[in-house]
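First the structure, in the form of structure tokens, and then the observations on it.
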Amino acid sequence: MWGCTLRTRTSPTPGAGWSWAAPDSPFVVCVEFAVEGGPRVRWRIGRDVLKQGLYSTSGLGDVRMWPSNPQERATAWLQLASGDMAALFELPVSPPAEWLEYTYELVPAGSELAGVDWDAATADLLPAHGTRSD
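Here the sequence shown is numbered in the working numbering, starting from 46 and rising by one per residue.
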């Protein structure tokens, strides 16, 4: 399994661990927040949403991301919402941009589904040959 994790002193968010595993889940980046005195909270965010959000507005609904100042490109905002609660984080662009670039070197955009066994993946969706569906 390929994988990479961003856990550095320049981590985009203090107390957060970013991880990505391919080929098991190449479209998704997991962000785990360690809340002091509380549980760990894990969000799964589309890799393309994060990449686009570093430089322009991206995401809908629960996950949104946009650059704080498009001309400078030094930081970006990440908003995570659930129900009536939301959290807004300002991230330095450089560490996650470099880390995301590495993930695209491991599994290039457009090749995320190259290793999927479509026969196995769809086997349970279709009735078995010779069985009757009512």
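Glycine included, every Cβ here is placed at the ideal spot set by N, Cα and C.
Per-residue DSSP class, three states only, for Ala132 = strand
Fill in: Euclidean distance between Cα positions of Ala142 and Gly82
Taking the straight line from one Cα to the other gives about 30 Å.
C-beta atoms of Val108 and Val94 nearer than 8 Å: yes
Determine which residues share a DSSP beta bridge with Leu123 and list them. Met110, Phe134
Beta-bridge partners of Trp163, as assigned by DSSP: In the DSSP output, where bridge partners are listed per residue, Trp163 has none listed.
Residue of Met130, Val80, Pro137 minimising C-alpha distance to Trp111: Of the listed residues, the one whose Cα sits closest to Trp111 is Pro137.
- Task: Could you tell me if Arg92 is buried or exposed, where buried requires 16 or more neighbouring beta carbons within 10 angstroms of its beta carbon?
- Result: Around the C-beta of Arg92, 16 or more other C-beta atoms lie within 10 Å, and the residue is accordingly described as buried.
Is the separation between the beta-carbon of Ala119 and that of Leu125 shorter than 8 Å? no
#### Entry: Own chain partners of Ser103 with C-beta closer than 6 Å, once the 5 adjacent residues on each side are dropped
Hits under 6 Å: Val94, Gln97, Met110.
Margin query: I'd like the list of long-range same chain contacts for Ser113, defined as Cβ closer than 7 Å, with 5 residues on each side in sequence excluded.
Written below: Thr120, Ala121, Trp122, Glu135
Q. Between Glu191 and Phe72, is the Cβ-Cβ spacing less than 8 Å?
A. For the chain, the structure presents residues 46 to 179; residue 191 sits outside this window and is missing.
- request: Return helix, strand or coil for Gly91, following the three-state DSSP convention.
  value: DSSP, read as helix, strand or coil, puts Gly91 in strand.
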